[in-house]
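Engineer:
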Ligand code: ADP
Ligand code: MG
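In the working numbering, the protein residues as written are 447 to 1015.
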């Protein structure tokens, strides 16, 4: 270590500091799909908190770290409460405003030293050792950066991690699996902010002085650059991005002035061009390219023999399970579902059929809480559930699939299915980070594997979900729903896109589920598929219930024939 020149320690220190911030962005942006331009503001809170406390109040830097992290977390919670329930642009805009406001305060408050900043920040002390030089700081910075990487990797590989990764595809599927998406958005936003604050604290004690410039919106954008260049989808990307950025910046600062014959911040322009090139040729960033060359680690199958997850009490066969009473849904002037009523009793398979656009999926979304009702009532297991969000329906024992498969394409089939068991486990984010959730995690994975085997998907357990063909993807969704241990299974066009063989296999699976006492509501477009499978069929056309009856009655009905003949064209 003595032989490595000082220069490299300085570079590595900055790479470590940047990586801490960018890791938070990987979690927030790459994994959860939320954007923040204001991470530099949180870095500033960490830096200025310790600068003020250690120079003006002679407080311990470690106390200042606690306080800085606390203030940051509080600020993140407030910003999150204001914006995370709203969709789209509110979070990025709020983080920009936050960063600008903070920077403005730093420039103008005399306690914060205005544009001169604060000088004379003491060096850190650890076990009586003073971390004066960059080599000593290198050890601390990298210990914290690698420690944070470990914690985040643990988090992503866990029950909360699956919930966080499910956020990226929009909230509908995650909520239907019982995930409180607001809660997990808050978790990732706070974690990202805290990592930034820790980086700021280290930065202040490395430089021993702070001023407003490194905490402005420019750095906020550069952190996003680093995440995208490195690869926002994985923690390794944070390190790759930070290193690529820092080293390129250093090169450019040497080369550009000579090339252009004048000084100035021309790096940003070159970075812009580099970013476009990376996005064009390596849309996933640098890290996946590096990681391909590393040995692939496959999840060890360590869940064999884990205890079964708790099961819910099943409704008595024949009892009223789902009562749909005159439900109505209007989209503006269009009445998509017009006062439709039907019932599913425990142990039955009920089919909801009708031509395209009849309102089947909308009915389904009303029943499962994905869409709010315009009018009417839904009762489940004797309780009025209309108006509850879909995750409450999930909690009460409804599990569903989607007409258009919703999954986490980059995760394995097993992990996708394990998300279905979200409500049957309770490990939180801190437990997961500390790896204290392993016992429960084994039980969850065992259950996921069991459900996959139950529907004949045992061979696909470790495959990437996005690589599956349509048929297996639909089966995976059913396994995910089964993983919730539902008392009612809602399937939206499970046979769509399946080949005849696959359809027959699916029908056999569904019959088997019924034999095991499961209740099913099945939306289908394919009449033949439901005819030999269901106990009763509800036929919809133009948003209204055409008839309800046994498959034989429905088949004999001239009205149904007419509706379906209309569709065949
Ligand atoms: P099905 O599943 O029976 O094919 P849907 O329930 O998907 O039919 O659609 C019923 C009708 O409601 C269609 O006319 C469709 O265009 C309309 N519809 C569905 N969802 C929406 C929406 N979110 N906004 C506006 N119209 C919608
Ligand atoms: Mg539909």
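Glycine included, each C-beta is placed from N, C-alpha and C at the ideal position.
#1: Looking at the structure shown, is residue 769 part of a helix, part of a strand, or coil, going by DSSP?
#2: For residue 494, count the other beta carbons within 10 Å of its own beta carbon; 16 or more makes it buried, fewer makes it exposed. Which is it?
#3: Using alpha carbons as the reference points, say which of 629, 633, 508 and 478 lies closest to residue 879.
#4: In chain order, what are the residues with a CB under 6 Å from some non-hydrogen atom of the ligand ADP?
#5: At the level of alpha carbons, what is the spacing between residue 622 and residue 688?
#6: I want to check one thing, is the minimum distance from the CB of residue 987 to the heavy atoms of the ligand MG below 7 Å?
#7: DSSP beta-bridge partners for residue 574?
#8: How long is the line joining the alpha carbons of residue 872 and residue 605, rounded to whole angstroms?
#9: Is residue 938 near the ligand MG, with its Cβ less than 7 Å from a heavy atom?
#10: Could you give the DSSP three-state label for residue 988: helix, strand or coil?
#11: Have a look at residue 666 and residue 754 and give me their C-alpha separation to the nearest angstrom.
#12: Judging by CA-CA distance, which residue of 931, 698, 672 and 848 is the nearest neighbour of residue 810?
#13: Please report the distance separating the alpha-carbon of residue 774 from that of residue 845.
#14: Whose CA, out of 488, 925 and 1005, lies closest to the CA of residue 663?
#15: Please classify residue 647 as buried or exposed, where buried requires at least 16 neighbouring CB atoms within 10 angstroms.
#16: If you compare alpha carbons, which of 764, 769 and 571 is closest to residue 792?
#17: For residue 862, count neighbouring C-beta atoms within 10 Å of its own C-beta (all shown protein chains included) and say buried if the count is 16 or more, exposed if not.
#18: Just to confirm, is the Cβ distance from residue 580 to residue 459 under 8 Å?
#19: Specify, as a first and last residue, the run of the beta strand (DSSP E) that residue 784 falls within.
#20: Taking the beta carbon of residue 718 as the centre, do at least 16 other beta carbons fall within 10 Å, making it buried, or is it exposed?
#21: Could you name the residues that DSSP lists as bridge partners for residue 800?
#22: Since residue 552 and residue 490 should fall inside the 8 Å C-beta cutoff, what is the C-beta to C-beta distance between them, to a whole number of angstroms?
#23: Any idea what DSSP makes of residue 1005, helix, strand or coil?
#24: In whole angstroms, what separates the C-alpha of residue 895 from that of residue 860?
#25: Compute the distance between the beta-carbons of residue 483 and residue 541, then report whether it is under 8 Å.
#26: Would you call the segment 953-973 and the segment 821-841 touching, i.e. three or more CB-CB distances under 8 Å?
#27: In terms of residues, what are the limits of the beta strand (DSSP E) holding residue 844?
#28: Alpha carbon to alpha carbon, how far is residue 972 from residue 918? Give it in angstroms, no decimals.
#29: Considering Cα atoms alone, identify which of 932, 708 and 697 is closest to residue 759.
#30: Give me the Cα-Cα distance between residue 1014 and residue 727, rounded to the nearest whole angstrom.
#31: I need the straight-line Cα distance from residue 678 to residue 796, nearest angstrom please.
Structural biologist: So, from the data block:
#1: Taking the chain shown and counting its residues from 1, one reaches residue 769 at position 323. It is a strand residue.
#2: Mapped onto the chain shown, residue 494 falls at position 48. Under this definition residue 494 is a buried residue.
#3: Residue 879 sits at position 433 when you count from the first residue of the chain shown. Minimum Cα distance to residue 879 is reached at 633.
#4: 777, 780, 782, 800, 802, 803, 804, 805, 806, 807 and 808
#5: Reading the chain shown from its first residue, position 176 is the one you call residue 622. Reading the chain shown from its first residue, position 242 is the one you call residue 688. Going by the C-alpha atoms only, they are around 37 Å apart.
#6: Translated into the one-based positions of the chain shown, residue 987 becomes position 541. If you check the C-beta of residue 987 against the ligand MG, you find no heavy atom less than 7 Å away.
#7: Along the chain shown, one-based indexing puts residue 574 at 128. Note: residue 574 sits in no beta bridge, so no partner.
#8: Counted from its first residue, the chain shown places residue 872 at position 426. Counted from its first residue, the chain shown places residue 605 at position 159. Going by the C-alpha atoms only, they are around 8 Å apart.
#9: Here residue 938 refers to the residue found at position 492 when the chain shown is read from its first residue. Taking 7 Å as the cut-off, the C-beta of residue 938 counts as close to a heavy atom of the ligand MG.
#10: Walking along the chain shown from the start, residue 988 turns up at place 542. Of the three classes helix, strand and coil, the one that applies to residue 988 here is coil, per DSSP.
#11: Translated into positions along the chain shown, residue 666 becomes position 220. Translated into positions along the chain shown, residue 754 becomes position 308. Looking at the two C-alpha atoms, the distance is approximately 46 Å.
#12: For this step, residue 810 is matched to residue 364 along the chain shown. For the residues 931, 698, 672 and 848, the minimum Cα distance to residue 810 belongs to 848.
#13: Taking the first residue of the chain shown as position 1, residue 774 is located at position 328. Taking the first residue of the chain shown as position 1, residue 845 is located at position 399. Distance between the alpha carbons of residue 774 and residue 845 is about 22 Å.
#14: Mapped onto the chain shown, residue 663 falls at position 217. Comparing Cα positions, the closest option is 488.
#15: Taking the chain shown and counting its residues from 1, one reaches residue 647 at position 201. By the 10 Å Cβ count, residue 647 comes out buried.
#16: For the purposes of this step, residue 792 is taken as residue 346 along the chain shown, with counting starting at 1. Of 764, 769 and 571, the residue nearest in Cα terms is 764.
#17: The residue labelled residue 862 in the question sits at position 416 within the chain shown. Classification for residue 862: buried.
#18: Counted from its first residue, the chain shown places residue 580 at position 134. Counted from its first residue, the chain shown places residue 459 at position 13. Going by C-beta atoms, residue 580 is nearer than 8 Å to residue 459.
#19: One-based indexing of the chain shown puts residue 784 at position 338. Start and end: 780-791.
#20: Taking the first residue of the chain shown as 1, we reach residue 718 at position 272. In summary, residue 718 is exposed, with fewer than 16 beta-carbon neighbours lying within 10 Å of its beta-carbon over all protein chains present.
#21: Counting from 1 along the chain shown, the entry for residue 800 is found at position 354. When beta bridges are read from the DSSP output, residue 800 appears opposite no residue.
#22: Against the chain shown, residue 552 aligns to sequence position 106. Against the chain shown, residue 490 aligns to sequence position 44. So it is a contact: roughly 7 Å between Cβ atoms.
#23: Within the chain shown, residue 1005 is the residue found at index 559, counting from 1. Helix at residue 1005.
#24: Here residue 895 is taken as the residue at index 449 of the chain shown, counted from 1. Here residue 860 is taken as the residue at index 414 of the chain shown, counted from 1. Going from the Cα of residue 895 to the Cα of residue 860 covers about 6 Å.
#25: Position 37 of the chain shown, counting from 1, holds the residue named residue 483. Position 95 of the chain shown, counting from 1, holds the residue named residue 541. Yes.
#26: Cβ pair count under 8 Å is below three, so no.
#27: Here residue 844 is taken as the residue at index 398 of the chain shown, counted from 1. Per DSSP, residue 844 belongs to the beta strand (DSSP E) from 844-846.
#28: Reading the chain shown from its first residue, position 472 is the one you call residue 918. Reading the chain shown from its first residue, position 526 is the one you call residue 972. If I take the Cα positions, the gap works out to 18 Å.
#29: By one-based count along the chain shown, residue 759 stands at place 313. Closest by C-alpha distance to residue 759, out of 932, 708 and 697, is 932.
#30: What you label residue 1014 is simply residue 568 of the chain shown in a count that begins at 1. What you label residue 727 is simply residue 281 of the chain shown in a count that begins at 1. Bear in mind that a pLDDT of 48 at residue 1014, under 50, signals an unreliable position, so the model cannot answer this.
#31: Walking along the chain shown from the start, residue 678 turns up at place 232. Walking along the chain shown from the start, residue 796 turns up at place 350. When rounded, the distance between both Cα atoms is 44 Å.
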